[in-house]
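Trainee: Numbered as in the working numbering, the sequence shown ends at 322 without a single skipped number.
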Amino acid sequence: GAARLRLVDGNFSCSGFVELYRQGLWGAVGADAGAWPHLASRICEAVNCGHVALEHGAVPEAASHLPVRWEMERSCQRPSVLDCFNETRDGRGKTPAFLICSGSEPRAARRLAGGLTPCQGHIEVFRGERWQALCDEPARRAERGRQLCQELRCGQLSSSAALKEPPTLGVTCAARSLHLCALRGALRTCSRTSDSKPQAAGLGAGTIMSILLALVLFGILLLICGPPAYKRLMKKISKKKQRQWIGPTGFNQNVSFHRNSTVNLRPRAEGPRAQGEDNDYAQPPKNPYLSAYPALEGASQSSNPPDNSSDSDYDLHSARRV
């Protein structure tokens, strides 16, 4: 039959020992540190399991039941990965390659817990039917936070730090991918790690409450001070209108009076008689209907002429003042 690859004896379908079928025989592929980084991803793609999740060929406790028959070809550039293996002369004592791919394996449940939002808090993984804290080394802490923020669609990591809390029982994990930590992690006592995403640009709850409070105070101030201010304004407008004179044209006209400096004053006559007869200010005016201001003579007189109709018994035009 045709040559083909498979992964066997793993915890799920896309993990296990690498075995190759060629020349009618199945055999394990020997681990080779020099060829492994180059061929690991190609093997995962060949078995339809995505990309490599665990980049080294570490062997778990259980051993492969097939002997090592094939060895990897270093720096293989052949189009088909099936052509990158050679038959080994002596497979005794060689370690079989073990591979974990990221394709169809069950993803471990993980979350950020204890934060104000789903995108803030300490990392927890679901292991042994319960949520447990993830214990990470400081060098790996930021990478874990970036992975989880992206998987939870929380954007980019904002901060990552160890919490100053009493130690708790958590899961340790040496796998690079975070979703493998629940499957391969071990329990130990550690401090929690807190991660968070960047805060969205926008108004916070405190800012919104401050704005609403300011609007309420402004409304109360407007109700208290508004009516008195309006009355004062209307009073000023009313006084301004009263100071204006409506002229013959019907338009508001401002009137002012000035004394003509070129008027020749009449010399005062000597003697008591002259003082009694010629002094215009000592005697009342001869015409009581004349105004003290010539400019207002027309305004002071009645605009309606006296009624001299035929029904009246008196001739108002010919009447003389006694």
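Note that the Cβ used here is the ideal one computed from N, Cα and C, for glycine as well.
Quick caveat: nothing in here was measured; it's all calculated off a predicted structure.
Expressed to the nearest angstrom, what Euclidean distance is found between the alpha-carbon atoms of residue 3 and residue 67?
Mentor: 17 Å
Trainee: If I'm right that residue 121 touches residue 113 with Cβ under 8 Å, what's the distance once you round it to whole angstroms?
Mentor: 5 Å
Trainee: Roughly how many angstroms lie between the CA atoms of residue 145 and residue 98, to the nearest whole one?
Mentor: Between residue 145 and residue 98, the C-alpha separation is close to 28 Å.
Trainee: Could you check what DSSP says for residue 9 in three-state terms: helix, strand or coil?
Mentor: strand
Trainee: Given this structure, state the Cα-to-Cα distance separating residue 14 from residue 78, to the nearest angstrom.
Mentor: 24 Å
Trainee: Looking at the structure shown, is residue 96 part of a helix, part of a strand, or coil, going by DSSP?
Mentor: strand
Trainee: Going residue by residue through the region 13-91, where are the continuous alpha helix (DSSP H) segments of at least 4 residues, counting only ones entirely within it?
Mentor: 36-46
Trainee: If you reduce the DSSP assignment to three classes, tell me which class residue 156 lands in.
Mentor: coil
Trainee: Tell me the residue span of the alpha helix (DSSP H) that contains residue 149.
Mentor: 138-151
Trainee: Is the CB-CB distance between residue 87 and residue 69 below 8 Å?
Mentor: yes
Trainee: Could you please give the first and the last residue of the uninterrupted beta strand (DSSP E) stretch that includes residue 121?
Mentor: 120-126
Trainee: Measure the alpha-carbon distance for residue 93 versus residue 85 and round it to whole angstroms.
Mentor: 18 Å
Trainee: Residues in its own chain within less than 6 Å of residue 34 by CB, not counting five upstream and five downstream?
Mentor: 74
Trainee: Is DSSP giving residue 116 helix, strand or coil here?
Mentor: coil
Trainee: Can you check which of these residues, 38, 39 and 8, is closest to residue 26 by C-alpha distance?
Mentor: 8
Trainee: From the DSSP output, in three-state form, read off residue 101 for me.
Mentor: strand
Trainee: Would you give the residue range spanned by the beta strand (DSSP E) that residue 134 belongs to?
Mentor: 131-135
Trainee: Taking the alpha-carbon positions, what's the residue 5 to residue 158 distance?
Mentor: 42 Å
Trainee: Near residue 76, what residues of its chain come up, given a Cβ to Cβ distance below 6 Å and the 5 sequence neighbours on each side ignored?
Mentor: Excluding positions up to five away in sequence, the list reads 84.
Trainee: Helix, strand or coil for residue 3 per DSSP?
Mentor: coil
Trainee: For the beta strand (DSSP E) that contains residue 178, what are its first and last residues?
Mentor: Premise fails: residue 178 is in no beta strand (DSSP E) and is neither H nor E.
Trainee: Quick one: Cα of residue 223 to Cα of residue 215, how far?
Mentor: 12 Å
Trainee: Roughly how many angstroms separate the alpha carbons of residue 126 and residue 109, rounded to a whole number?
Mentor: Distance between the alpha carbons of residue 126 and residue 109 is about 5 Å.
Trainee: By the 10 Å Cβ neighbour count, where 16 or more other Cβ atoms means buried, how is residue 137 classified, buried or exposed?
Mentor: Exposure of residue 137 is indicated by the presence of fewer than 16 other C-beta atoms within 10 angstroms of its C-beta.
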